[in-house]
Amino acid sequence: MSALEPRDAEAAADAAADVARRPGPLAPHDEADKGSVLDPAHRALSIGMVSVVLLIAFEATAVGTAMPVAARELDGIPLYAFAFSAYFTTSLFAMVLAGQWSDRLGPLAPLTAGISAFAAGLLLSGTAGAMWLFILGRAVQGLGGGLVIVALYVVVGRAYAEHLRPAIMAAFAASWVVPSVVGPLAAGTITEHLGWRWVFVGIPVLVVFPLALALPAIRRTASGPADPSAPVAPWDRRRIRLALGISVGAALLQYAGQELRWLALLPAAAGAAFLVPAVRGLLPHGTYRAARGLPSVVLLRGIAAGAFIAAESFVPLMLVTQRGLSPTLAGLSLAAGGLTWALGSWIQARPWTEPYRERLVVLGMVLVAIAIAAAPSVLITAVPVWVVAVAWGLGCLGMGAVIASTSVLLMKLSAPEEVGANSAALQISDGLSNVLLLAAGGAAFTALGGGAVGHAVTSSAATGSHPGAFAAVFLPMAGVAAVGAWVATRLHTSGAGASHDRGVPAGDRGAA
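Residues in the sequence shown are numbered consecutively from 1, following the numbering used here.
So, in structure tokens, the structure goes:
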């Protein structure tokens with residue numbers, strides 16, 4: 001049996017029948033339908049949403065370049081890490097809020113509020129006169145970013161027929177290619193010649209165009225609740241409380257991870273006390289035992305994103321300190337990954353891949369595991385450094401197929417009234433795994449002497465003295481990715497359990 005062999009006809013028929021029973025915009029279109037994401041019915045919506053993603057991508061890739069200068073100028077180096085964690089913790093809460101908001105009243109309002117909050121946060125950070133104001137601006141940005149990402153998923157689920165969703169998700173992935181290559185260079189040039197503040201205050205002006213283009217189209221195609229004839233469901237206050245718990249717990253764990261002292265166990269324990277019940281209540285039932293269907297889709301998204309990002313964060317540091325590359329060359333070693341990521345997303349969007357989607361995801365996770373395992377081979381001086389660039393290009397190819405496919409599968413396995421809540425669960429799995437696996441990798445790195453390696457970044461010499469610290473990051477993450485390849489075999493729903501595996505109503509979700 002080939003890894004890309006299509007699923008059996010009976011299961012395909014069951015899945016098609018399950019989709020056909022759903023009401024409204026999620027009903028399947030005839031295969032003869034010639035629509036595209038750029039046809040007259042979708043053009044304004046597609047261009048507007050892709051423009052939003054493009055601006056968010058530029059901001060995300062530019063901030064890392066401007067942040068050290070901003071922190072130094074604001075006398076905020078001791079608070080540097082909180083400028084990143086503030087964004088993450090508030091975005092977790094906003095994801096849950098956006099899921100409920102979109103399911104109750106449609107995605108238009110949360111998307112508008114999210115873009116507005118994102119722009120307001122940029123302006124607040126860009127005009128801050130003190131580090132605490134800068135961090136507050138980043139927190140407001142996180143609220144906006146969390147609202148936007150979930151609302152965009154709901155728009156895709158409502159406004160695009162099932163056969164068009166892989167293409168629009170591929171367009172979202174492609175929107176990151178140019179920013180990932182050009183963003184850091186542009187931000188560095190702006191920071192050097194105009195000042196770091198312009199990296200933040202310049203982007204809000206550009207938000208006007210995508211808003212003017214996308215919002216009218218969203219109002220026509222995806223506004224209002226999924227079933228306008230049904231009564232509007234009340235806010236689920238329990239889920240809101242759980243969302244607050246997950247944000248507080250994540251913040252405490254991040255704080256504890258920065259303090260390598262015994263006293264750090266106290267905030268770590270408090271963070272876990274907040275986080276564990278919140279995660280169990282917000283993710284679909286069966287997530288942590290990889291139940292078939294939606295739970296495995298949500299779990300796989302976290303495994304793939306967390307393992308890859310945790311490993312990628314250490315690639316430039318390894319090349320600078322162990323092989324003597326300049327920071328610019330070390331960064332360029334990952335630049336090709338943006339292109340191959342877009343290529344992987346494009347491949348999964350081809351119509352001929354649809355019957356093979358689950359097996360394509362398995363192959364993608366295998367590529368990710370191989371890439372992460374191959375990267376530390378450059379710790380051996382006889383191995384040329386271009387091996388990392390090749391390996392990471394393959395890994396990004398796999399990630400492009402996996403990330404886009406999990407988004408497509410989530411919408412396929414979600415009832416119309418559950419798209420918002422399930423999209424929020426997918427993003428929570430993604431974000432939480434990032435911070436947890438980064439924290440685990442960072443702890444292993446430090447425990448094996450990685451702290452001494454970090455000092456080499458400020459010197460011109462490569463130390464080459466702590467290869468074990470890097471191996472302790474990459475090899476376990478390769479193992480996590482390999483587990484993800486197994487989870488990817490469980491994305492297919494059996495006919496008998498299809499309705500269960502799609503997930504349960506948002507208010508009834510039990511232990512994950």
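We treat Cβ as the ideally placed atom computed from N, Cα and C, and that holds for glycine.
Status (buried if at least 16 other CB within 10 Å, exposed otherwise) for residue i
{"i": "Leu263", "result": "exposed"}
{"i": "Arg219", "result": "exposed"}
{"i": "Ala382", "result": "exposed"}
{"i": "Leu265", "result": "exposed"}
{"i": "Ala404", "result": "buried"}
{"i": "His492", "result": "buried"}
{"i": "Asp39", "result": "exposed"}
{"i": "Ala167", "result": "buried"}
{"i": "Gly129", "result": "exposed"}
{"i": "Trp235", "result": "exposed"}
{"i": "Asp30", "result": "Confidence is the limiting factor: at Asp30 the pLDDT is only 42, short of 50, which leaves the residue's position unreliable, though a coordinate-based value still follows. Asp30 should be labelled exposed."}
{"i": "Pro250", "result": "Going by the sequence as given, residue 250 is Ala instead of Pro. Counting Cβ neighbours within 10 Å, Ala250 comes out buried, since at least 16 surround it."}
{"i": "His193", "result": "exposed"}
{"i": "Ala369", "result": "buried"}
{"i": "Trp101", "result": "buried"}
{"i": "Ala269", "result": "exposed"}
{"i": "Ala151", "result": "buried"}
{"i": "Arg241", "result": "exposed"}
{"i": "Ala447", "result": "exposed"}
{"i": "Met1", "result": "Summary for Met1: the model assigns pLDDT 37, below 50, so the residue's position carries little reliability, and this model does not support an answer."}
{"i": "Ala113", "result": "buried"}
{"i": "Ala212", "result": "exposed"}
Cutoff 7 Å; reference residue i; Cβ partners in own chain excluding five residues on either side
{"i": "Leu45", "result": "Ala159, Ala214, Ala217, Ile218, Thr221"}
{"i": "Met365", "result": "Ala304, Gly398, Val402, Ala481, Gly484, Ala485, Ala488"}
{"i": "Leu325", "result": "Leu319, Val385"}
{"i": "Gly431", "result": "Phe88, Ser91, Leu92"}
{"i": "Ala120", "result": "Val140"}
{"i": "Thr61", "result": "Pro179, Ser180, Gly183, Pro184"}
{"i": "Gly48", "result": "Pro210, Leu213, Ala214, Ala217"}
{"i": "Arg490", "result": "Ala290, Arg292, Ser296"}
Own chain partners of residue i with C-beta closer than 8 Å, once the 5 adjacent residues on each side are dropped
{"i": "Leu55", "result": "Ile203, Leu206, Val207, Pro210"}
{"i": "Tyr87", "result": "Arg138, Ala139, Gln141, Gly142, Gly145"}
{"i": "Arg22", "result": "Note on Arg22: pLDDT 38, under 50, position unreliable in the model; no value is reported."}
{"i": "Leu379", "result": "Met318, Gln322, Pro467, Phe470, Ala471"}
{"i": "Val408", "result": "Arg165, Pro166, Met169, Gln348, Arg357"}
{"i": "Leu97", "result": "Pro110, Gly146, Leu147, Ile240, Ala243"}
{"i": "Glu73", "result": "Trp196"}
Neighbourhood of residue i by C-beta distance below 6 Å, restricted to the same chain and skipping five residues each side
{"i": "Phe200", "result": "Leu122, Ser125, Gly126"}
{"i": "Val53", "result": "Phe172, Ser175"}
{"i": "Gly286", "result": "Pro295"}
{"i": "Ala310", "result": "Leu437, Leu438, Gly441, Met477"}
{"i": "Leu410", "result": "Val297, Asn422, Leu426"}
{"i": "Ala391", "result": "Ala371, Ala374, Ala375"}
{"i": "Phe82", "result": "Ile135"}
{"i": "Val361", "result": "Val402, Ser405, Ala488"}
{"i": "Cys396", "result": "Gly337, Thr340, Trp341"}
{"i": "Trp196", "result": "Ala66, Val69, Ala70"}
{"i": "Ser116", "result": "none"}
{"i": "Ala57", "result": "Ser175, Trp176, Pro179"}
Closer than 6 Å: residue i CB and nearest the ligand SAH heavy atom
{"i": "Val402", "result": "Within the structure as shown, the ligand SAH is missing, as the structure has no ligands at all."}
Which of helix, strand or coil DSSP assigns to residue i
{"i": "Leu413", "result": "coil"}
{"i": "Leu55", "result": "helix"}
{"i": "Asp103", "result": "helix"}
{"i": "Ser125", "result": "helix"}
{"i": "His42", "result": "coil"}
{"i": "Phe314", "result": "coil"}
{"i": "Gly24", "result": "With a pLDDT of 41 at Gly24, under the threshold of 50, the modelled position of that residue is not reliable, and no figure is offered here."}
{"i": "Val37", "result": "coil"}
{"i": "Leu475", "result": "helix"}
{"i": "Trp350", "result": "Rather than Trp, the amino acid found at residue 350 in this sequence is Arg. Arg350 falls in the coil class under three-state DSSP."}
{"i": "Trp392", "result": "helix"}
{"i": "Ser333", "result": "coil"}
{"i": "Trp132", "result": "helix"}
{"i": "Pro216", "result": "helix"}
{"i": "Trp235", "result": "coil"}
{"i": "His163", "result": "helix"}
{"i": "Gly76", "result": "coil"}
{"i": "Arg292", "result": "coil"}
{"i": "Gly338", "result": "helix"}
{"i": "Ser175", "result": "coil"}
Any C-beta of chain C under 7 Å from that of residue i
{"i": "Ala161", "result": "Among the protein chains of the structure shown there is no chain C, as only one such chain exists."}
Does the contact criterion of 3 or more C-beta pairs under 8 Å hold for the stretch 106–113 versus the stretch 229–248? no
Would you call the stretch 345–354 and the stretch 282–297 in contact, with 3 or more CB pairs under 8 Å? no
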